[in-house]
Amino acid sequence: MFVACMTMIKEGTIIAVDGHSSTGKSTFAKLIASRYGLIYVDTGALYRGVALFASENSIIDCENRIDEQALNRALKVLKLLFRPTGPGGASELYLGDRNIEREIRTLEVSSKVSFIASLPIVRSFVDNILSNYGKSGGVIMDGRDIGTVVFPNADIKIFMTASAEVRAMRRFREMEAKGERPDYDKVLANVRERDYLDENREAAPLRRASDAILLDNSNMSIEDQLQWFEELIAKS
Ligand code: DC
843 MFVACMTMIK EGTIIAVDGH SSTGKSTFAK LIASRYGLIY VDTGALYRGV
893 ALFASENSII DCENRIDEQA LNRALKVLKL LFRPTGPGGA SELYLGDRNI
943 EREIRTLEVS SKVSFIASLP IVRSFVDNIL SNYGKSGGVI MDGRDIGTVV
993 FPNADIKIFM TASAEVRAMR RFREMEAKGE RPDYDKVLAN VRERDYLDEN
1043 REAAPLRRAS DAILLDNSNM SIEDQLQWFE ELIAKS
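Dropping the structure here:
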C-alpha cells in the first residue's frame, strides 16, 4: 500500500504568513497549524481586540477620531489573550475573562481597526504579545508585518496575494452566504481601499519581505495551497 509521507517541520519553527486582506491567510494558516501541530496566532484579532475595547470605551468615536491619551492608559492594563478551543491549535480571543471572538468580527470593529492598527503605540502593544507567543516557536502567525517587523528572522515567510477582483468576489460570495445582498463594485472598492491603507500607513506598512515566498492563490483551491506548502517544506 502506498502511504504518502508528510515532511516534518523542525521544532521551534516560526512561520510568518503575511499578505493582502481576503486572501484566505487564516484558512491557510489554520490548516497548516492543525496538520503540522503548530500553534496558530491570528495577529489581526489582537488589533481587532484593541479596536473593540476602544470603541466600547469611547476611546475612538464614530468618525474614527482617537483619544490617544485614553488609549495609552488603556493599553497599560488591557489583557488580551488566546485560549485554546481544543486540539489542533485552534484558539479564541479573550479580553480578560470575556470571549470576544465574535464581537471582533462585526462591521463596527472592521470599520475602526485599520485606524487603530496604524498607531505606533498599538503596534508595540501587539508586538509585545506576539513576541511572547514566538518565544518557544512552533507557531504560524498570519498578519501584515510578521515577516518584516515582528519576526524578521522567521524560518519560513510566505506572502499571500490574489487579484483584487478575485478577493472581492470571494467576499461578495461570503456576504451572500450570510444572507446579505452586497454590491460587487462596492465590495471591490473596499478591497482596494484596505490594500491602500495597509500598504501606505507609516507604521509597519504591508510589504513583501525580500525573502518571503509568494503564494498567489487567485486560481488555487485550499487543497492546491496545502500541496504547494508540502512541496515547499519537502524542498527546504
Ligand atoms: O487580518 P484582519 O483583517 O483581521 O486584520 C485586521 C486589521 O489589522 C487590518 O486593518 C490589518 C491590521 N493588521 C496589521 O496591521 N498587522 C497585522 N500583523 C495584522 C493585522
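In the numbering used here, the protein residues as written are 843 to 1078.
All C-beta atoms, glycine included, are put in the ideal place defined by N, C-alpha and C.
Chain-order list of residues whose beta-carbon lies under 8 Å from that of residue i (same chain, five-residue window excluded)
i	result
arginine 947	Arg890
methionine 843	In this prediction, methionine 843 has a pLDDT of 49, which is less than 50 and means its spatial position is unreliable; nothing more can be read from the coordinates.
Closest residue to residue i among the options (Cα-Cα distance)
i	options	result
lysine 852	Met1017, Ala1006, Ile982	Ile982
glutamate 1035	Asp997, Ser863, Ile857	Ser863
glycine 854	Gly980, Arg1013, Asp969, Val964	Gly980
serine 953	Asn974, Phe967, Arg1049, Asn906	Asn906
lysine 987	Pro1047, Phe1014, Leu1030	The sequence shown places aspartate at residue 987, not lysine. Minimum Cα distance to aspartate 987 is reached at Pro1047.
methionine 1002	Gly861, Asp969, Lys1028, Asp1037	Gly861
lysine 865	Asp1037, Lys1028, Ser1052	First, the residue type needs correcting, since residue 865 is threonine and not lysine in the sequence shown. Among Asp1037, Lys1028, Ser1052, the Cα nearest to that of threonine 865 is on Asp1037.
leucine 1030	Gly1021, Arg1012, Ala1045, Gly928	Arg1012
tyrosine 841	Ile1064, Leu1039, Phe895, Ile963	For residue 841 there is no data in the structure shown, the boundaries of the chain being 843 and 1078.
tyrosine 975	Phe924, Glu1065, Ala1045, Asp1027	Phe924
Contacting residues, own chain, Cβ-Cβ under 6 Å from residue i (five flanking each side not counted)
i	result
glycine 879	none
isoleucine 998	Ile857
glutamine 1067	Phe870, Asn1059
Residue burial classification, residue i (beta-carbon count within 10 angstroms, cutoff 16)
i	result
lysine 977	exposed
arginine 944	exposed
glutamine 911	exposed
glutamine 1069	exposed
asparagine 1059	buried
alanine 1076	exposed
isoleucine 942	buried
leucine 922	buried
leucine 1056	exposed
Collapsed DSSP secondary structure at residue i in the structure displayed
i	result
asparagine 970	helix
methionine 850	coil
aspartate 860	strand
threonine 990	helix
isoleucine 874	helix
lysine 905	The question names lysine, but residue 905 is glutamate in the sequence shown. In the structure shown, glutamate 905 sits in coil (DSSP, three-state: anything other than H, G, I, E or B).
methionine 983	strand
methionine 1002	strand
aspartate 1027	helix
7 Å Cβ shell around residue i - same chain, five flanking residues per side excluded
i	result
asparagine 899	Ala916
aspartate 984	Val859, Lys867, Ser868, Ala871, Asp884, Thr885
glutamate 1018	Pro1024
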